[in-house]
Amino acid sequence: LGISGYLTAAHYLSSNILVCSESGAVDCAKVTSSAASKLAGVPVADLGLAFFAGMLVLCLPAAWRSERPEVHWLRTAGAVGGIGFCVYLIYSELFRVRAICIWCTAVHVITFLLFVVVLAAGGGWGTIGQDQPLPVSK
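Count along the sequence shown from 1, add 1, and you get the number used in this note's numbering.
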């Protein structure tokens, strides 16, 4: 959420605030100001900020304990959608912009780790549809 906020600020204020290389293969300013930095006119940084804000809510302890199936479906769908969007963004960086943003890469790594955690936890389905909680090994 913090890195996405930082990238959003850089998008609206100035790419000069990015602490990143501006030459060669790693060029954050080139990536964040490219045509690929918007999707249907919406800055990708805004989408990332919205994604992490939503996932923050869906990953709060109360949400993991929730028995509402919608919460678990949304968390799983969010994680899958997030990783899918990262694949699109990595493709755009490599083949359209021909530069990598180290901050964007950090967001991609965090999104991947979030995806792994959500899927490893089974989406947090826990006791849904069961009379007894699942046994917890110690």
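Glycine included, every Cβ here is placed at the ideal spot set by N, Cα and C.
Problem set entry | alpha helix (DSSP H) runs wholly inside the segment 45–118, at least 4 long, in chain order | 45–59, 62–66, 70–92
Problem set entry | Residues near E94 in its chain [Cβ-Cβ closer than 8 Å; skip 5 each side] | Position 93 of the sequence shown, counted from the first residue, corresponds to residue 94. V32, A37, A100, I101, C102, C105.
For this session: State whether the segment 11–18 contacts the segment 68–88, with contact taken as three or more CB pairs (one from each stretch) at a distance under 8 Å.
Result: no
Problem set entry | DSSP-derived helix/strand/coil call for L40 | Position 39 of the sequence shown holds residue 40. In the structure shown, L40 sits in a strand (DSSP, three-state: E or B).
Exercise. For F96, does the count of other Cβ atoms within 10 angstroms reach 16, so buried, or fall short, so exposed?
Worked result: Start at 1 with the first residue of the sequence shown, and residue 96 comes out as number 95. Exposed, because fewer than 16 other Cβ atoms sit within 10 Å of the Cβ of F96.
Problem set entry | 8 Å contact criterion, which A46 and L8 should meet: CB distance rounded | As a working mapping, residue 46 is identified with position 45 in the sequence shown. As a working mapping, residue 8 is identified with position 7 in the sequence shown. Confirmed, Cβ separation roughly 4 Å.
Exercise. Which same chain residues, not among the five before or five after D132, have their C-beta less than 6 Å away from its C-beta?
Worked result: Stepping through the sequence shown from its first residue, residue 132 is reached at position 131. Only weak support is given to the placement of D132: the predicted model assigns it a pLDDT of 46, under 50, and the question is left unresolved by the model.
For this session: Report all residues from its chain with a CB closer than 7 Å to the CB of V119; omit the five preceding and five following residues, and keep chain order.
Result: As a position in the sequence shown, residue 119 is number 118, starting the count at 1. The answer, listed in chain order, is R76, T77, A80.
Exercise. Is it right to say V110 is buried, meaning 16 or more other beta carbons lie within 10 angstroms of its own, or is it exposed?
Worked result: Position 109 of the sequence shown, counted from the first residue, corresponds to residue 110. Counting Cβ neighbours within 10 Å, V110 comes out exposed, since fewer than 16 surround it.
Exercise. Straight-line CA distance for C21 to E68?
Worked result: Your numbering for residue 21 matches position 20 in the sequence shown. Your numbering for residue 68 matches position 67 in the sequence shown. Between C21 and E68, the C-alpha separation is close to 43 Å.
Exercise. Which same chain residues, not among the five before or five after E23, have their C-beta less than 8 Å away from its C-beta?
Worked result: Within the sequence shown, the letter at position 22 stands for residue 23. Closer than 8 Å at Cβ, skipping near neighbours: C29, A30, K31.
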